[in-house]
Structure formats: C-alpha cells, structure tokens
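K.L.:
Below is a structure I'd like to ask you about.
If you want it as structure tokens, here you go:
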C-alpha cells in the first residue's frame with residue numbers, strides 16, 4: 208500500500224549535479240598537521256574550555272563543557288597536544304573569529320576512556336544528558352542540540368518521528384552515501400530516538416532521485432524486524448529537505464508561524480544525527496567527525512569522513528582542485544556561504560565544501576528594478592510575499608517587513624533563483640533580520656541599564672530612609688532616658704523644700720535631647736583632658752595648676768546652676 212503524500216507551496220527544480228560525487232565510497236582523510244576545533248559549533252551558549260596549552264588529550268576527550276540551558280559539549284577529534292586556546296577564523300562569510308582549541312596530532316589517533324549506555328534501561332533524562340555531553344547536534348545544517356529536541360512534549364509521547372533523508376540541495380550527497388553504506392547503524396539510532404520520544408511511527412523521507420539509498424534503508428528495516436518504520440520516496444523538489452516542508456509532504460501537517468512541530472505530535476531529525484546517536488550510545492563515541500561532500504571545481508568529487516577541526520584545504524587537496532579555483536562555499540549553491548579563507552576548519556555544520564570558479568559560478572547579472580511579477584511569491588515554500596519584504600527591507604522599514612512575516616523566511620534562495628530582475632532577495636532579508644536582532648540587543652541592553660539605574664536609586668532611598676528611622680529611634684530613646692532620670696531628683700527636691708511664700712519667675716525650659724548632647728560633649732572633653740593631664744603636669748608650674756583648678760571649679764559651679772530644679776531659693780522663703 209502506497210502512502211499518500213502531500214504537496215508544499217512553491218519550490219524549484221535546479222540542476223542537481225549529484226551523480227559525480229556518488230561514484231566512490233566514503234573515503235578517509237589523513238591526519239592534518241593541526242586541528243582547529245571551535246568551542247562554539249551549535250545553537251545556544253558558548254562551551255567553556257576545559258583544557259590549557261600543553262595538555263595531552265585523547266580522541267573523544269571533552270575539551271569544551273556545555274554551558275547554559277541550550278549548549279552542547281565539544282571534544283578532541285584525535286589524540287595529541289593542545290598548542291593553544293585562542294580565537295581563530297571561522298567558516299563564515301563575516302570573517303569573525305571564535306575561541307578555539309588548537310591540537311597538534313601525535314599520529315596515534317588513540318581514543319580515551321569511553322562509556323557505553325543501554326538506552327532501553329536508562330531513564331530518558333539521563334540519556335539526554337549523555338547526548339548533550341557527547342556533543343550530538345543536528346547535522347542537517349541547523350546544528351541544534353539534539354538532546355533539547357528529544358523531548359516528547361506535553362503529551363509524553365509523539366505520533367510521528369520524521370527522519371530527513373531528502374537532501375534536496377544541489378551538489379550535496381553526504382546523506383545519500385551515509386544511507387547507502389551505513390543504513391543498519393543509522394536505523395539503530397532511529398530506534399533509540401523513537402524510544403526516547405515514545406513515537407508511534409517513524410517515517411524516513413528520501414527524495415526519489417536516490418533509489419540506491421531508498422533500497423538500502425528499506426532492506427535494513429526488513430532485516431531489523433522493527434515495525435512502524437517506513438522509508439518513503441518523495442518527489443524531488445527543492446527545498447523538500449526543509450523540516451516544515453518534509454513534515455507537510457509526509458503527514459499533511461502544516462506547522463504555522465510561532466508553533467512547534469511537537470505541538471502537532473511530530474518531530475524531525477537528520478539521518479546523520481541518527482547515525483551519530485547510534486555511535487554515541489553503542490560505542491560511547493562523541494561527535495568528532497562527520498561525512499562531508501567535496502564537489503564543484505575538482506577533478507574527483509567524493510564524500511569523506513572528516514575529523515572536526517580539519518582545515519578545508521587539506522580535504523580539498525584529495526580531490527585535485529583545478530587551477531582556476533577562486534572560492535570555497537560551505538554548503539550548496541542555494542544556501543551555502545562563501546568562506547573568507549581556504550584553510551578555515553571543518554565544523555559540525557559542514558555538510559559540503561563546494562569548490563568554485565568563475566566558470567562554474569559566474570558573476571551575477573546586474574540588479575534591475577523589481578517589476579512586481581510575483582514569481583518570487585509563487586516559488587516561496589513558506590508562502591510569503593518576498594517582493595513586499597524586499598521593498599520594506601530596502602527602505603529599512605523593518606517594522607513593516609516583520610508584518611509580512613520576515614522571520615518565517617527559511618532563506619532557501621528560491622525567490623532569488625527565479626527573479627527575472629536578478630535581485631539578491633535573500634541578502635536583503637538577511638540584512639533586515641540582522642538589523643532587527645541588533646536593535647533588539649540594543650534595546651535589551653538599554654532596558655537592563657535602566658533597570659540597574661532605577662534599582663540603584665531605590666536602594667539609595669531605602670538606605671537613606673532606614674538611616675533616618677534609626678536616628679529617630681535613637682533620639683527618642685535618648686529623650687525618654689533623660690526624662691526618666693530627671694523626674695526623680697525633681698520630685699525629691701520638691702518634697703523637701705519649704706513652702707514657697709510667693710510664686711517665682713519660671714526659668715526657660717531646656718530641651719532634654721540638647722542637654723544630653725551637651726553632657727556627652729562635656730564628658731568627652733573631660734576624658735580628653737584627663738588623658739592629656741599627665742603630660743601637662745610635668746611642665747606646668749604651681750601657679751598655672753592653681754589657675755586651671757580655679758577655672759574647673761567655676762565651670763562645675765555653672766553646670767550645677769543650670770541643672771538646679773525650678774524652685775525658689777531658701778532665702779526667699
């Protein structure tokens with residue numbers, strides 16, 4: 208019984224150029240003189256370095272620890288000596304650098320201690336942590352940490368696990384060769400993923416221009432005895448390998464903007480990811496190599512199993528590049544990025560090294576004005592209006608571009624491919640996205656600075672208020688103490704005094720708090736004087752000492768007069 212297939216909107220049919228690199232089996236690459244292993248190779252946080260220059264490392268040893276909620280570990284691709292931990296040029300058009308571990312191989316290619324895991328008897332959370340520490344990421348190009356996707360969602364299970372073997376972009380054949388040669392191993396990884404996701408069925412989508420891969424996977428399924436797994440040949444149409452497009456073709460489900468496929472009971476993984484999960488669980492091997500297609504302006508296009516961190520020119524030399532080579536492209540001609548240098552390292556996202564020349568990739572025709580023909584909208588697999596997004600992106604009206612769902616664009620290049628005006632539409636969309644992200648970062652930084660400023664002001668006001676409350680409480684306690692101590696002598700004096708003949712003129716009242724401060728100041732002065740007295744006594748003459756004693760007597764008499772109660776003297780009776 209044939210499975211019913213569905214169509215997705217748009218798409219194009221460029222020349223595939225795949226047959227040349229599938230005539231030979233997957234080859235091995237000799238060890239280079241050095242490996243440059245970037246610590247940040249996946250979506251999410253930047254792994255922290257775990258080694259230092261001079262350290263001896265083994266193949267598979269963790270050299271970058273996962274950092275944050277969405278991150279993936281990085282490992283040494285071979286055994287050797289760490290020569291440096293420093294920024295190095297990355298395989299990206301921008302020419303940016305990233306912190307990398309530079310390893311000099313010792314030629315032994317010796318594995319370190321490895322730990323195997325039985326996925327059937329291990330709790331799913333422990334399996335996900337194991338895959339995170341093994342550095343397993345999506346090898347279809349997105350390099351999203353796989354452990355974060357291996358969660359069944361709110362329902363606790365999935366209906367369909369989709370495995371992406373479509374490989375729709377021209378020149379790229381790494382998944383095709385992997386399915387032909389390693390289908391049984393890949394299938395074991397799929398079974399483990401199905402167990403973790405509790406999926407009811409598994410659909411492996413493979414474009415129908417890969418009949419050998421379809422046959423190999425179907426034979427592996429039959430030999431395994433597994434049920435509920437099906438290899439499905441789908442029509443060849445770019446970009447059928449996009450996750451949303453493949454889900455649409457196989458299941459008929461269209462995942463809308465802002466929603467996840469798991470909300471509809473579906474999850475999608477690449478065939479290369481399934482194979483790397485098999486190696487991690489079965490042998491304890493972390494992700495230290497991947498299959499890479501080398502094609503284009505070379506004499507012998509082929510697929511190679513390449514260690515992560517290998518310089519790209521070291522790999523390309525095996526295929527005899529032609530003399531007029533002028534560029535390397537990581538990826539295919541539709542979505543690939545031109546590299547800033549030939550010796551940048553192979554990373555986990557490298558599925559193809561496309562060697563270019565002026566003859567193979569001639570200079571684009573001059574850009575002409577948009578004629579609003581609508582061909583880009585017809586070809587867009589995301590069912591967008593690229594010509595509208597183009598106008599607003601060109602005018603830097605990014606808000607309006609977002610209203611036309613700019614971030615739904617998967618940058619597949621179909622619109623640029625069919626544009627009769629030769630407008631590089633995808634470049635405009637990438638520019639708009641980067642500007643919006645930059646402004647969002649600036650806004651977040653400004654908001655964070657404002658929050659810090661407001662909290663600082665709040666803290667200062669709070670401390671000022673607390674200090675005032677403490678001073679007020681201390682003053683109140685002082686006034687209460689003075690009032691309590693002054694009431695008792697006044698009562699005794701009033702009881703013992705003879706009756707007054709006439710009312711006396713009242714004296715002005717003295718603030719008890721002020722009186723307490725005066726007493727404290729006088730007491731401090733007496734203490735200072737007592738401490739200084741021995742020094743003064745040694746040099747003071749008897750006449751000076753007598754004069755000082757008279758001054759003290761007068762001061763004490765004045766103080767006692769101020770403290771006397773408001774009663775008439777005895778002589779007035």
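Numbering (our numbering), first residue to last: 208 to 780.
All C-beta atoms, glycine included, are put in the ideal place defined by N, C-alpha and C.
For clarity, every value in this text was computed on a predicted model and none was experimentally measured.
Just to confirm my understanding: we take residue 363, look at its own chain, exclude 5 residues before and 5 after, and list those with CB closer than 7 Å. What are they?
P.N.:
405
K.L.:
State the Cα-Cα distance for the pair residue 487 and residue 263, rounded to the nearest angstrom.
P.N.:
23 Å
K.L.:
Could you spell out where the alpha helix (DSSP H) holding residue 458 opens and where it closes?
P.N.:
That run of the alpha helix (DSSP H) goes 450-458.
K.L.:
Relative to the alpha-carbon of residue 402, which residue among 420, 388, 433, 417 has its alpha-carbon at the smallest distance?
P.N.:
433
K.L.:
Taking residue 351 as part of the alpha helix (DSSP H), name the residues at either end of that continuous run.
P.N.:
Neither: residue 351 is in no alpha helix (DSSP H) and is coded neither H nor E.
K.L.:
With DSSP as the reference, please indicate the residues paired to residue 318 in a beta bridge.
P.N.:
266
K.L.:
Going by Cα to Cα distance, which pick from 447, 312, 361, 385 is closest to residue 621?
P.N.:
447
K.L.:
Please work out which residues of its chain come closer than 8 Å, Cβ to Cβ, to residue 238, disregarding the five sequence neighbours upstream and downstream, and give them in chain order.
P.N.:
Result list for residue 238: 285, 312, 314, 316, 514, in chain order.
K.L.:
Closer than 6 Å by C-beta to residue 255: which residues in its own chain qualify, once you throw out the five before and the five after it? Chain order, please.
P.N.:
272, 274
K.L.:
Please identify the residue among 296, 222, 258 whose C-alpha is closest to the C-alpha of residue 280.
P.N.:
258
K.L.:
Using beta-carbon positions only, say whether residue 553 and residue 516 come within less than 8 Å of one another.
P.N.:
yes
K.L.:
State the DSSP-derived secondary structure class of residue 536, mapped to helix, strand or coil.
P.N.:
In this structure, residue 536 counts as strand in the three-state DSSP scheme.
K.L.:
In this structure, how does DSSP classify residue 391 when only helix, strand and coil are distinguished?
P.N.:
helix
K.L.:
Sort 546, 542, 467, 730 by Cα distance to residue 520 and report the nearest one.
P.N.:
The option with the nearest alpha carbon to residue 520 is 546.
K.L.:
What residue range is occupied by the uninterrupted alpha helix (DSSP H) comprising residue 486?
P.N.:
478-490
K.L.:
Please name the residue or residues paired with residue 445 in a DSSP beta bridge.
P.N.:
219
K.L.:
Looking only at DSSP bridge pairs, what is residue 496 linked to?
P.N.:
514
K.L.:
Pull up the DSSP beta-bridge partners for residue 294, would you.
P.N.:
306
K.L.:
Is DSSP giving residue 379 helix, strand or coil here?
P.N.:
coil
K.L.:
Which of helix, strand or coil does DSSP assign to residue 530?
P.N.:
coil
K.L.:
Rounded to a whole number of angstroms, what is the C-alpha to C-alpha distance between residue 675 and residue 661?
P.N.:
Rounded to whole angstroms, the gap between the alpha carbons of residue 675 and residue 661 is 21 Å.
K.L.:
Please report the straight-line C-alpha distance between residue 335 and residue 268, rounded to a whole angstrom.
P.N.:
19 Å
K.L.:
With 16 other CB atoms within 10 Å as the buried threshold, where does residue 287 fall?
P.N.:
buried
K.L.:
Which stretch, first to last residue, makes up the alpha helix (DSSP H) that contains residue 606?
P.N.:
605-610
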